[in-house]
Structures are given as C-alpha cells and as structure tokens.
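Take a look at the structure below.
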Amino acid sequence: MEPTPTGTLRCTDSGFALELTRTIAASREDVWASLTESPRTALWFGPWERISENSVRVTMRFEEGEPASDMAVEACEPPSRLAVRTIDEIQWQLEVRLDERDGSTVVVLVHSCESTDGLGDIGPGWEYYLDMLVASRNGTPLPNFDDYYPAQQEYFSSLRPQ
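The numbering of the sequence shown is our numbering, which starts it at 538 and goes up by one.
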C-alpha cells in the first residue's frame, strides 16, 4: 500500500511552514519520550548525544551512510513542544508540538522555510520519518523510503499555502 501524503503549507512572517500531523494512541508523556530519549529516537530516526548544554548530535540511522547532524535545541517544553535548528551547512528550523486529545496524542511536525524551493524533496522525508515513528511505537514493520520518494515529490512540489 502506497502511503498518502498529508503535509500542508501555510504562510508565516518569515516564509512558510510545512506541517505534517499524526495521531498516536498513547499519552503525550509517552510520545514525548519517543521524541526525546535517545534509545527511543534510535528506533525511528536515530540516536543522539549531547554535545553542549543546548546542542545535540543526531546520527541519522536510516540515511545512507548514517550521517551525523548537529542541532541547537531552541525550546524544550515537556511534554508539549520541542524546537530545534540544524547547525550544519543547511539550517532547518523544526518544531514538534504534542496535544493530547481523547486519550491519544496529536503530533504536529513543523518545518519552517524561507521559500517553497525543495519541498518536493523535503516533504516525503518527513512523511517517512513520522510513519517510522508510528511503526516503531506500534511494533509494526518499518516503512520503506522508496514508497515515499519520488512518489510524493509532485504532491509536495505543488503545495500552496492554505
């Protein structure tokens, strides 16, 4: 079964925000742990290690060559909000918000960007990683990136702000 893209785009004061949402049947505290505890992030994104008071290095386990990416932690508000900025060559602003509703947790990933250039490459990756998060929590087989890219590239390239 081919995954269906869910991302939406909205205008912000500094450009655009690509937003993707998943609902997970678990408490917000438990989902928070999947986003912030290294042994649990290793299951769907990659393990991380602290390199300074406000920065971490994430090893992207499911990328070719398992590259490391340094990130500045800009906000950490357990169990509702985590904001980071990559501090590599390409700087990405990322935020994850968690909202508990009816015994489940709504996860909203926000990728802020100055322009819509590259969304066709970025969006499928976030769909994949959010589905990796869900699969790792459910104990189901991890998805295959080839099901997301390039299949979802056109969807994300054609997104317009709502």
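C-beta: ideal position from N, C-alpha, C; glycine also. Keep in mind the model is a prediction, meaning the values are calculated, not measured.
- In terms of Cα proximity to N591, the closest of T573, P576 and V610 is V610.
- Using a Cβ distance threshold of 8 Å, F682 and Y665 count as a contacting pair.
- Put simply, the stretch 548-561 touches the stretch 648-664. At least three CB pairs are less than 8 Å apart.
- Between R594 and S617, the C-beta gap is not smaller than 8 Å, which leaves the two residues out of contact.
- The beta carbons of E637 and R565 sit closer together than 8 Å.
- The criterion of a C-beta distance shorter than 8 Å is satisfied by R559 and V671.
- S571 counts as buried, since at least 16 other C-beta atoms from the protein chains shown sit within 10 angstroms of its C-beta.
- In the three-state reduction of the DSSP assignment, I624 falls in the coil class, being assigned neither a helical nor a strand state.
- Looking only at D607, A688 and V644, the smallest Cα-Cα distance to W629 is reached by D607.
- Closest in alpha carbon position to P540, among P687, R697 and W569, is P687.
- Closest in C-alpha terms to E632, from the list E586, E626, W569 and A563, comes W569.
- Per the C-alpha coordinates, the member of E603, R622, A605 and P604 positioned closest to A612 is R622.
- Note on the stretch 561-626: whole alpha helix (DSSP H) runs with a minimum of 4 residues are 565-573 and 575-578, in chain order.
- Around the beta-carbon of I561, 16 or more other beta-carbon atoms lie within 10 Å, marking it buried.
- For the pair L679 and F582, the Cα-to-Cα distance works out to about 11 Å.
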